[in-house]
């Protein structure tokens, strides 16, 4: 029996989502091959960089030293405070102007149609366009028009896209969720108000879902505000810390995987 096809689902979580980078670094160092990636919101951004084969140390350095002015373009409030053009351009640069279908590792990007309240998953088309839509936190980023749809943050409809990566063909799913379990979060500005309100909503929805992952990683980042991008390095460290103690267990599960365990 050959090894299972491994998929990883990366959750939404704004700044906390950089914990995904720490988890991915540990998996790469342990020679765990990732065959499929599905991401919502910040999970889609980190997933896109990993899918494109970027050096993770370089990405870490970039994330830590990237100035807000390089990715935030504030506009007069219309449908959002941030146009998202700079973030889209940054993603386009880091993914070398590729389409999703051209990435070395298949990537699915989850978005939400604000008008119909439905999940929309991209697996083809420009990576930067899909990620731009997926990170569009309602009320903060301007939504993205797409045909007769208006796309916002993928986390609104599916913050932890386990079923998406399973549908891509993954036999064994690793899920990384940075959803805060803590209610002790400081709210200092309107952006914190919006992101915390969405976090509460997502927590309620997640409690009703069956998290059918084969391996779940839960970085402890609840005390870090979703807007605290100055704490990227701490988020990465906590991502590493969350998986290190369980790495042997994961490697054993992968080594002992049997076809009959595959989810139908």
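Numbering (this note's numbering), first residue to last: 8 to 271. The beta-carbon is built from N, C-alpha and C at its ideal position, and this holds for glycine as well. Bear in mind the structure is a predicted one, so any value in this text is a computation, not a measurement.
**Asked** Whose C-beta lies closer than 7 angstroms to the C-beta of residue 86 among residues of the same chain, with five residues either side of it excluded?
**Response** Here residue 86 refers to the residue found at position 79 of the chain shown. Sequence-distant Cβ neighbours of residue 86 in its own chain, meaning closer than 7 angstroms and more than five residues away, are 149 and 150.
**Item:** Buried or exposed by the 16-neighbour rule on C-beta atoms within 10 Å, applied to residue 11
**Value:** The residue labelled residue 11 in the question sits at position 4 within the chain shown. In summary, residue 11 is buried, with 16 or more beta-carbon neighbours lying within 10 Å of its beta-carbon over all protein chains present.
**Request:** Evaluate residue 185 with the Cβ neighbour count: other Cβ atoms within 10 Å of its Cβ, from every protein chain shown; 16 or more gives buried, anything less gives exposed.
**Result:** Numbered from its first residue, the chain shown carries residue 185 at position 178. Classification for residue 185: buried.
**Request:** List the endpoints of the continuous beta strand (DSSP E) containing residue 25.
**Result:** On the chain shown, position 18 is the one that residue 25 refers to. It is not in any beta strand (DSSP E) - residue 25 carries neither H nor E in the DSSP assignment.
**Request:** Please state whether DSSP places residue 260 in a helix, a strand or coil.
**Result:** As a first step, residue 260 is located in the chain shown; it is residue number 253 there, counting from the start. Helix, per DSSP.
**Item:** Alpha-carbon spacing of residue 107 relative to residue 172, whole angstroms
**Value:** Counted from its first residue, the chain shown places residue 107 at position 100. Counted from its first residue, the chain shown places residue 172 at position 165. If I take the Cα positions, the gap works out to 14 angstroms.
**Message:** Quick check on residue 18: does DSSP put it in helix, strand or coil?
**Reply:** Sequence index remark: in the chain shown, residue 18 carries index 11 (1-based). Correct three-state label for residue 18: coil.
**Asked** Around the Cβ of residue 94, are there at least 16 other Cβ atoms within 10 angstroms (buried) or fewer (exposed)?
**Response** Position 87 of the chain shown, counted from the first residue, corresponds to residue 94. Flag for residue 94 reads buried.
**Request:** Out of 137, 30, 245 and 228, state which residue places its alpha-carbon closest to the alpha-carbon of residue 92.
**Result:** In the chain shown, the residue the question calls residue 92 occupies position 85. Closest by alpha carbon: 137.
**Asked** Expressed to the nearest angstrom, what Euclidean distance is found between the alpha-carbon atoms of residue 21 and residue 202?
**Response** For the purposes of this step, residue 21 is taken as residue 14 along the chain shown, with counting starting at 1. For the purposes of this step, residue 202 is taken as residue 195 along the chain shown, with counting starting at 1. Straight-line Cα distance between these residues: approximately 8 angstroms.
**Item:** Chain-order list of residues whose beta-carbon lies under 7 angstroms from that of residue 263 (same chain, five-residue window excluded)
**Value:** Numbered from 1 along the chain shown, position 256 holds the residue referred to as residue 263. Answer for residue 263: no residue qualifies.
**Message:** For residue 125, list the residues DSSP reports as bridge partners.
**Reply:** Position 118 of the chain shown, counting from 1, holds the residue named residue 125. BP columns for residue 125 point to 120.
**Prompt:** Considering only C-alpha positions, which residue in the set 170, 254, 117 and 243 is nearest to residue 68?
**Reply:** As a working note, residue 68 is residue 61 in the chain shown. Here the closest residue by C-alpha is 243.
**Request:** Could you tell me whether the segment 158 to 174 touches the segment 13 to 33, using the rule of 3 or more Cβ pairs below 8 angstroms?
**Result:** yes
**Request:** Please name the residue in 62, 111, 19 and 81 whose C-alpha comes closest to that of residue 41.
**Result:** The count along the chain shown starts at 1 and reaches residue 41 at position 34. Ranking the options by Cα distance to residue 41, first place goes to 111.
**Prompt:** In this structure, what does DSSP give as the bridge partners for residue 46?
**Reply:** Against the chain shown, residue 46 aligns to sequence position 39. For residue 46, DSSP records a beta bridge to 17 and 116.
**Prompt:** For residue 9, is the classification buried or exposed, using 16 other Cβ atoms within 10 angstroms of its Cβ as the cut-off for buried?
**Reply:** Taking the first residue of the chain shown as 1, we reach residue 9 at position 2. It is exposed - the Cβ of residue 9 has fewer than 16 other Cβ atoms within 10 Å.
**Message:** If I follow the unbroken alpha helix (DSSP H) through residue 156, where does it start and stop?
**Reply:** Start at 1 with the first residue of the chain shown, and residue 156 comes out as number 149. No alpha helix (DSSP H) holds residue 156; the beta strand (DSSP E) holding it covers 156 to 160.
**Request:** Please determine if the segment 243 to 260 and the segment 221 to 231 are in contact, where contact requires at least 3 C-beta pairs separated by less than 8 angstroms.
**Result:** yes
**Message:** Distance check for residue 222 and residue 144, CA to CA, integer angstroms please.
**Reply:** As a working mapping, residue 144 is identified with position 137 in the chain shown. As a working mapping, residue 222 is identified with position 215 in the chain shown. Taking the straight line joining both Cα atoms gives about 27 angstroms.
**Prompt:** Can you pull the DSSP bridge partners for residue 183?
**Reply:** Reading the chain shown from its first residue, position 176 is the one you call residue 183. DSSP, once it has assigned bridges, lists 17 and 224 as partnering residue 183.
**Strand pairing of residue 152, partner residues [DSSP]** = Within the chain shown, residue 152 is the residue found at index 145, counting from 1. DSSP output for residue 152 lists 157 as bridge partner(s).
**Prompt:** Going by beta carbon distance, what residues of the same chain come within less than 8 angstroms of residue 261, once the five residues before and after it are set aside?
**Reply:** Taking the first residue of the chain shown as position 1, residue 261 is located at position 254. For residue 261, where only same-chain residues beyond five positions count, the Cβ hits under 8 angstroms are 10, 11, 13, 39 and 179.
**Message:** So the candidates are 200, 208, 49 and 118; which of them puts its Cα closest to the Cα of residue 239?
**Reply:** Your numbering for residue 239 matches position 232 in the chain shown. Measuring from the Cα of residue 239, the nearest candidate turns out to be 49.
**Item:** For residue 19 and residue 231, the rounded distance between their alpha carbons
**Value:** Residue numbering aside, residue 231 sits at position 224 when the chain shown is read from its first letter. Residue numbering aside, residue 19 sits at position 12 when the chain shown is read from its first letter. Their Cα atoms are separated by approximately 14 angstroms.
**Request:** Going by CA-CA distance only, name the one from 52, 123 and 237 that's closest to residue 164.
**Result:** Mapped onto the chain shown, residue 164 falls at position 157. The residue with the shortest Cα to Cα distance from residue 164 is 123.
**Asked** Skipping 5 residues on each side, what residues in its chain have a beta carbon closer than 6 angstroms to that of residue 82?
**Response** As a working mapping, residue 82 is identified with position 75 in the chain shown. Hits under 6 angstroms: 90.
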